[in-house]
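A.B. asks:
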Amino acid sequence: MSVSTSAVEQHLAALRACDRCPRMHKPVVVGRAVASRVLLVGQAPGDKEPKLGRPFAWTAGRTLFKWFHGALGWTEDDVRDRIYFAAVCRCFPGKRPGGGDRVPAPDEIANCSGWLEREFALLRPALVLPVGKLAIAQFLGERPLVETIGHQISINYRGHAADCIPLPHPSGASPWHRIEPGLTLLHRALKLVAAHPVAKNPCNLPKVR
Ligand code: SF4
Numbered sequence: 018m019s020v021s022t023s024a025v026e027q028h029l030a031a032l033r034a035c036d037r038c039p040r041m042h043k044p045v046v047v048g049r050a051v052a053s054r055v056l057l058v059g060q061a062p063g064d065k066e067p068k069l070g071r072p073f074a075w076t077a078g079r080t081l082f083k084w085f086h087g088a089l090g091w092t093e094d095d096v097r098d099r100i101y102f103a104a105v106c107r108c109f110p111g112k113r114p115g116g117g118d119r120v121p122a123p124d125e126i127a128n129c130s131g132w133l134e135r136e137f138a139l140l141r142p143a144l145v146l147p148v149g150k151l152a153i154a155q156f157l158g159e160r161p162l163v164e165t166i167g168h169q170i171s172i173n174y175r176g177h178a179a180d181c182i183p184l185p186h187p188s189g190a191s192p193w194h195r196i197e198p199g200l201t202l203l204h205r206a207l208k209l210v211a212a213h214p215v216a217k218n219p220c221n222l223p224k225v226r
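First residue of the sequence shown: 18, per our numbering; consecutive thereafter.
(1) Does S171 pass the burial test, meaning 16 or more other C-beta atoms within 10 Å, or should it be called exposed?
(2) In this structure, what does DSSP give as the bridge partners for C181?
(3) When every heavy atom of the ligand SF4 is checked, does at least one fall within less than 6 Å of the C-beta of V47?
(4) Quick check on this structure: which residue in F137, P219, A152 has the alpha carbon closest to the alpha carbon of H177?
(5) Applying the criterion that 16 or more other CB atoms from any shown protein chain within 10 Å of the CB defines a buried residue, is G149 buried or exposed?
(6) Between C108, C181, R175, which has its C-alpha nearest T165's C-alpha?
(7) Cα separation between E66 and P219?
(8) Report buried or exposed for P183, applying the criterion of at least 16 other Cβ atoms within 10 angstroms of its Cβ.
(9) Quick one: give me the first and last residue of the alpha helix (DSSP H) that V58 is part of.
(10) Label R298 either buried or exposed according to how many other C-beta atoms from any shown protein chain fall within 10 Å of its C-beta, with 16 as the threshold for buried.
(11) Mapping DSSP to helix, strand and coil, what is D98?
(12) Do three or more CB pairs link the stretch 51-61 to the stretch 108-124 at distances below 8 Å?
(13) Kindly indicate the opening and closing residues of the alpha helix (DSSP H) around S188.
(14) With contact counted as at least three CB pairs below 8 Å, one residue from each stretch, are the stretch 77-90 and the stretch 186-196 in contact?
(15) Does the distance from the CB of A103 to the CB of L56 come in under 7 Å?
(16) How many angstroms separate the CA atom of A30 from the CA atom of E125?
(17) May I ask you to check if the CB of C181 is nearer than 6 Å to at least one heavy atom of the ligand SF4?
(18) Can you name, in chain order, every residue of its own chain whose Cβ lies under 6 Å from the Cβ of C106, other than the five neighbours on each side?
(19) Is any heavy atom of the ligand SF4 found at a distance shorter than 6 Å from the C-beta of R119?
(20) Is it buried or exposed, A230, if we count other Cβ atoms within 10 angstroms and call 16 or more buried?
(21) Quick check: the Cα distance between H194 and G167, rounded to an integer number of angstroms?
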């Protein structure tokens, strides 16, 4: 039996109702119910995403979707319909007293990883695209971006094997992807995504045993 969109919808309904982390701001932010074999893993929503009701809804998203358009020719809608959007944490962590968004705490990351693990079990992604340092660290450990961006790396996430192509965070707060060597490494990573066989047909799901 192949994975159905309704199974993904059921998963998202349970995720939307999650209240495991008392310091996280609600609502939970989820993407579309796409039964895709490409899983994008962001860090955590900002303050705009809960109001707008979708991940990457603001400036970082505009940059991210521009990258995909350049690499694959996909519109924002195409990307949202073809790639499943996950995240290290699905709730807005709130602001730090000194400004900027609070980085999710280890217990919050551990809480939300249960949802990510379920998504691996449900979708069996062949290609994982972690976006930004925190997301990359969940799959590859804490490593400098120059060692991971521009590479396709085999991963095994809690028993699920997949290819991983890390991307930098498209936030305007970091210039990493706009200056060398980040610029060249980002282009290399996007070329790898475009050349990956599953990116050409991301919703052709495998059979579930
Ligand atoms: S961050 Fe994740 S685990 Fe925590 S409340 Fe939000 S959805 Fe639940």
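Glycine included, C-beta positions come from ideal geometry on N, C-alpha and C.
Values in this document were obtained by computation on a predicted structure and should not be read as measured data.
C.D. replies: Based on what the coordinates show:
(1) S171 is exposed by the Cβ-count criterion.
(2) Its beta-bridge partners are V145, I170.
(3) Result no, Cβ not under 6 Å from the ligand SF4.
(4) Answer by Cα proximity: F137.
(5) Label assigned to G149: buried.
(6) Comparing Cα-Cα distances from T165 to each of C108, C181, R175, the minimum goes to C181.
(7) Cα-Cα distance, rounded: 25 Å.
(8) Here P183 is buried: its Cβ has 16 or more other Cβ atoms, across all protein chains shown, within 10 Å.
(9) That residue, V58, is in no alpha helix (DSSP H); its beta strand (DSSP E) goes 55-59.
(10) Limits of the chain in this structure are 18 at one end and 226 at the other, which puts residue 298 out of reach.
(11) Secondary structure at D98: helix, using DSSP grouped into helix, strand and coil.
(12) They touch, by the three-pair rule.
(13) According to the DSSP assignment, S188 belongs to no alpha helix (DSSP H), since it is labelled neither H nor E.
(14) Yes: the two stretches touch, three or more of their Cβ pairs being nearer than 8 Å.
(15) Result yes, Cβ atoms of A103 and L56 sit closer than 7 Å.
(16) Each residue's Cα considered, the two are about 20 Å apart.
(17) Answer for C181: no, Cβ out of range of the ligand SF4.
(18) Hits under 6 Å: A61, P121, E125, C129.
(19) Every heavy atom of the ligand SF4 is 6 Å or more from the Cβ of R119, so no.
(20) Since the first and last residues shown for the chain are 18 and 226, residue 230 lies out of range.
(21) Taking the straight line from one Cα to the other gives about 11 Å.
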